[in-house]
Structure formats: C-alpha cells, structure tokens
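**Q** Numbering (our numbering), first residue to last: 17 to 535.
Ideal placement from N, C-alpha and C gives every residue a C-beta, glycine not left out.
The model shown is predicted, which means the values in this text are computed figures rather than measured ones.
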C-alpha cells in the first residue's frame with residue numbers, strides 16, 4: 017500500500033506487510049528514482065540538462081561544485097502518471113565543465129543523513145574539449161597535503177569525459193615508483209606508497225584531446241604528523257574593562273611539520289566591533305623543534321570578552337589548550353585575617369608565618385609595620401608580598417606586638433590596613449644562682465630563716481612551695497619525710513612539729529625583655 021506524504025513530514029515510507037506469521041509490519045523508506053538509467057551519463061557543455069527525480073515527498077538537489085547559480089531552475093509538482101508521487105525537475109542552462117560530478121536527489125528531511133534509501137544519484141560528465149579537467153591548475157599548482165603516516169595519496173585530476181586518456185608524470189624529466197597506481201575519471205589517480213621522487217618535484221596530469229595538450233599541476237607536500245606541547249601564555253588572566261588582553265598560543269612539531277592554530281572565543285565573529293581583535297601567526301624553524309605561534313590581541317576589553325579561550329589546530333580538538341579570562345567592571349580591595357587575628361606562640365619557635373587573606377584587583381602594594389613603626393628587613397623578618405605574608409625566624413619575646421599590613425593601590429585610590437597581634441610566651445625558668453635552697457648555712461633552733469626562689473617566664477610563672485620535714489631523731493635528715501605543700505592557706509593551720517611558716521611573699525621585677533618573679 018502506498019501512502020502519499022503532505023507538507024514537511026519527517027519521512028515517507030512504503031509499508032510492506034510481512035507474510036511471516038507472528039512478525040509485525042515493517043516500514044521501509046522508499047528510495048527516490050531518477051529518469052536517467054545507469055550510474056553515469058555524458059552530456060555536452062553549453063547545452064541544457066534536465067533531470068527529474070520521483071519520490072513520495074518534497075525533495076532537494078545537490079550536484080557538482082554547486083556554482084550554477086542563476087543557470088538553474090527547479091520545479092516540483094505531482095507526477096502526471098500518479099499523483100501520489102512527487103516529481104522534482106532540475107534544469108541547468110548553459111552547462112559547464114565545472115558542473116561535472118554527482119547529481120543527487122534526496123528527501124529534504126534526510127538530505128544530511130547517510131541513509132542511502134533516501135537518496136538517488138547519477139554521475140554526470142559535462143564534456144568540454146577545451147577543458148579536459150574539471151578543475152584545472154595550469155598556472156598555480158594545487159598543494160596536496162600528505163601526512164607522514166599516509167600510504168594512499170589522491171591526485172584529484174578529475175576529467176569531463178570518461179574516455180580521456182590521462183597520464184601522471186613528474187614535471188621535470190624523472191620518474192617515480194609506487195606499490196600501485198589506479199585511475200578513476202571521477203576521482204583522479206590513487207597512488208599507493210610512492211617513492212621519494214614523488215615529492216621531489218611538481219606533478220602533472222597530462223591529456224591530449226583533438227591534438228591539444230591539457231595539463232593540471234599539483235604539488236605534494238609531506239607534513240609531519242608529530243605535534244604536541246601546546247600551551248597558552250598570557251599577560252594577565254584577570255583584567256579591568258578597557259585593558260588590553262594578549263594571549264600567545266604555542267605548539268611544537270618537527271621537520272616538515274605545519275600547524276595552523278585557530279582561536280575560539282566569545283567575540284571572534286563579532287559584527288558590532290569587528291576591530292576588537294587581532295590574530296598574528298608565525299613559525300619558528302629551530303632544530304629539531306619547529307614552533308608555531310598564534311598571537312591574539314584584544315584592545316579595550318569589555319565584559320563580553322570574559323570566559324573561555326580555546327586555541328586548537330585548525331578545528332582539531334585533539335590538539336588544544338584553553339584558558340579562562342576574568343574581566344572586572346572596577347577595581348576593588350578587601351582584606352581579612354586568615355584564621356585568626358591573634359597569634360600566640362612560645363619563644364624559641366624556629367619559624368612563624370603571619371599572613372592575611374587579600375581579595376583585590378589589581379594587586380595592591382603591601383608595607384609592614386610593627387607597633388606603628390616600619391618593620392626592618394633583616395635575617396629575622398622575611399617579607400613575602402606576593403602571598404601577603406611575613407616570616408619571623410627564631411621567635412623571641414621581643415618580637416611580640418602589633419603587626420600592621422598596609423595595603424595600597426594609589427592608581428585607583430584604594431587603601432586598607434589590618435593589624436595582627438603577636439603574643440610570645442616564655443617557658444618558666446628557675447634561676448638556680450638566685451635560689452637559697454642549696455645553701456647549708458647553720459640555723460639556730462628557734463630563729464627565723466628566709467628562703468628565696470627566683471624564676472622568669474611569660475605569662476608570669478606561679479610558685480608552689482613544699483616542705484619535707486625530717487624526723488627529730490634523724491640528726492642528718494637521711495630520710496625524706498612526707499611532703500607537705502605550703503600555701504597561704506596552710507599558714508592558718510598548725511603544721512606538724514614545731515616549725516611555723518610566717519609568710520609567703522611574691523615580688524615581680526622586670527629586667528629588659530625578661531620578667532622575674534621572686535618568692
């Protein structure tokens with residue numbers, strides 16, 4: 017059963033009912049048909065060529081190199097013998113040699129697919145005795161790019177008549193060898209693994225028609241496929257509106273290598289600001305590394321220019337690099353403490369890093385102050401303006417104080433200060449030479465005696481006294497008694513034996529950077 021399709025339906029099908037029991041009906045796309053039998057036809061140049069395609073829906077045509085322009089006419093109408101079918105007639109007036117090629121009729125909805133059932137083709141030779149080759153390169157040769165891993169090379173000297181006898185030769189009097197060489201008037205010569213002489217000179221396809229020699233020139237260019245190490249260099253990744261962006265893309269190859277680097281970015285096809293950008297390319301031929309460069313410059317950058325920039329080899333996504341550019345409307349400066357604004361350490365620490373977190377653009381200058389005075393630069397204080405950080409080596413008590421980070425961007429009038437406090441503690445230390453505990457001076461029974469202990473530290477250390485009374489029968493105190501901890505509270509209670517603690521006093525003295533406490 018045939019079903020005619022109307023309008024712009026996606027597909028038209030011929031429904032074929034399968035007779036096999038248990039199988040559902042199957043839809044098969046009906047192939048368009050041409051009014052020309054066979055797979056090729058030869059016509060004369062300068063005449064009129066008509067070809068009609070018959071199908072079940074709207075159809076479209078593609079042919080040759082597609083330059084017929086005003087010389088064409090296309091009519092679509094219901095076929096006269098069966099109105100269920102659509103006929104599409106293509107007419108080309110004043111046919112030319114360049115029209116030679118495949119004429120293909122296809123359903124509009126499947127014109128770009130690879131489904132052969134939706135297409136019908138015929139190869140048309142437009143014979144012209146004055147132009148043997150479809151595309152003749154008689155003055156400037158066509159460059160044939162041959163990569164190093166390519167074994168099969170096509171020399172595309174197509175002809176306008178299948179009967180033309182064509183020969184492939186070197187331009188200078190020499191020959192080359194090959195594994196195989198095949199001629200196809202629709203394609204040209206296909207040469208398999210030619211010898212090095214093939215690349216030593218220009219090639220020529222030669223044909224003689226009616227006593228006249230026709231030739232077309234070709235230049236095989238051998239290119240290295242080895243390529244890599246692509247990268248993007250930049251002047252800035254973050255910019256202000258109005259700045260200039262400069263990006264340089266670099267890729268490497270070797271002898272006979274050629275890399276064409278293309279840029280993909282937001283404003284590359286801008287019609288409103290066509291002079292926004294400039295791309296310059298050059299090649300450095302070092303040994304053994306060749307470097308291809310592509311420099312992109314964008315003046316007076318706008319918010320439209322932010323985003324991803326891709327550099328790739330001539331639409332080859334396998335070799336590419338990218339970078340993200342950030343654009344700000346105006347400058348800014350913000351600063352805060354990283355984790356804390358108070359650092360507390362112990363004297364003797366080998367290194368201390370004091371830093372702040374800065375969010376700013378452009379990058380500000382930084383100056384350090386300690387307790388309001390400029391910080392001296394020496395082996396102890398190491399300044400790291402890139403990371404807004406200060407390193408202090410061999411931390412000492414005298415380094416305690418308030419450290420101020422003064423940030424400034426004079427060009428844009430931005431200024432911010434932040435202060436970090438450093439507290440340096442010192443481990444308690446008892447000064448043995450100032451202690452009376454080791455003296456063995458005799459003390460008269462019933463008299464008063466004062467014991468003194470001196471220590472230093474930050475914060476000020478606290479003292480604890482303890483007494484281990486000796487037995488009255490132990491004249492030399494050879495055995496230590498039970499330890500009794502002494503405090504102001506014990507002064508109010510009776511201690512064992514006859515000794516009494518009259519008082520416990522504390523005196524704080526400051527000597528330079530040290531604080532001493534005595535009891």
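1) If you follow the beta strand (DSSP E) that residue 75 is in, where does it begin and where does it stop?
2) Among all the DSSP beta bridges, which residues are the ones paired with residue 297?
3) Looking at residue 474: is its Cβ nearer than 8 Å to the Cβ of residue 413?
4) When you compare only the Cα positions, how much space is there between residue 519 and residue 469?
5) Quick one: give me the first and last residue of the beta strand (DSSP E) that residue 413 is part of.
6) Near residue 52, what residues of its chain come up, given a Cβ to Cβ distance below 7 Å and the 5 sequence neighbours on each side ignored?
7) With residue 120 as the anchor, note down where its beta strand (DSSP E) starts and where it stops.
8) Spatial neighbours of residue 495 within its chain, please: CB distance less than 6 Å, with the 5 preceding and 5 following residues excluded, ordered by chain position.
9) Are three or more beta carbon pairs between the segment 154-170 and the segment 234-245 nearer than 8 Å?
10) Provide the residue span of the beta strand (DSSP E) that contains residue 236, from first to last.
11) Per DSSP, what kind of secondary structure is residue 584 in: helix, strand or coil?
12) Should residue 363 and residue 440 be called a contact, given that it needs their Cβ atoms to be closer than 8 Å?
13) Got a sec: does the ligand ZN put a non-hydrogen atom nearer than 7 Å to the Cβ of residue 162?
14) Measure the C-alpha to C-alpha separation of residue 521 and residue 481 and round it to an integer number of angstroms.
15) Residue ranges of each beta strand (DSSP E) run of no fewer than 3 residues wholly in the segment 144-171, ordered along the chain?
16) Using 8 Å as the threshold, is the C-beta distance between residue 367 and residue 409 below it?
17) DSSP three-state call for residue 208: helix, strand or coil?
18) Could you pull out every residue in the same chain whose Cβ sits closer than 8 Å to the Cβ of residue 361, ignoring the five residues on either side in sequence?
19) Buried or exposed for residue 230, going by 16 or more other Cβ atoms inside 10 Å?
20) To the nearest angstrom, report how far apart residue 293 and residue 313 are at their CA atoms.
21) Is it buried or exposed for residue 46, if we count other Cβ within 10 angstroms and need 16 for buried?
22) Would residue 201 and residue 172 be called neighbours here (beta carbons separated by less than 8 Å)?
**A** Inspection of the coordinates gives the following:
1) Segment 75-79, the beta strand (DSSP E) holding residue 75.
2) In DSSP, residue 297 forms a bridge with 310.
3) Yes; because the gap between Cβ atoms is below 8 Å, this pair is in contact.
4) If you take the alpha carbons of residue 519 and residue 469, they lie about 14 Å apart.
5) Careful: residue 413 lies outside any beta strand (DSSP E) and carries neither H nor E.
6) Sequence-distant Cβ neighbours of residue 52 in its own chain, meaning closer than 7 Å and more than five residues away, are 67 and 138.
7) That run of the beta strand (DSSP E) goes 117-123.
8) Cβ neighbours of residue 495 beyond the five flanking positions: none.
9) Because the criterion of three Cβ pairs below 8 Å is met, the segment 154-170 and the segment 234-245 touch.
10) Its beta strand (DSSP E) spans residues 228-239.
11) There is simply no residue 584 to check, as the chain begins at 17 and stops at 535 in what is shown.
12) Contact flag set, yes.
13) Absent from the structure shown: the ligand ZN. Ligands present: none.
14) Rounded to the nearest angstrom, the gap between the Cα atoms of residue 521 and residue 481 is 11 Å.
15) Listed in chain order, they are 158-163 and 168-171.
16) Yes.
17) When secondary structure is reduced to three states using DSSP, residue 208 falls in the strand class.
18) Excluding sequence neighbours, residue 361 sits near 368, 411, 438, 439, 440 and 441.
19) Only buried fits residue 230, as 16 or more other CB atoms lie within 10 angstroms of its CB.
20) Going by the C-alpha atoms only, they are around 6 Å apart.
21) Answer is buried; the Cβ neighbour count reaches 16.
22) The Cβ atoms of residue 201 and residue 172 lie no closer than 8 Å to each other.
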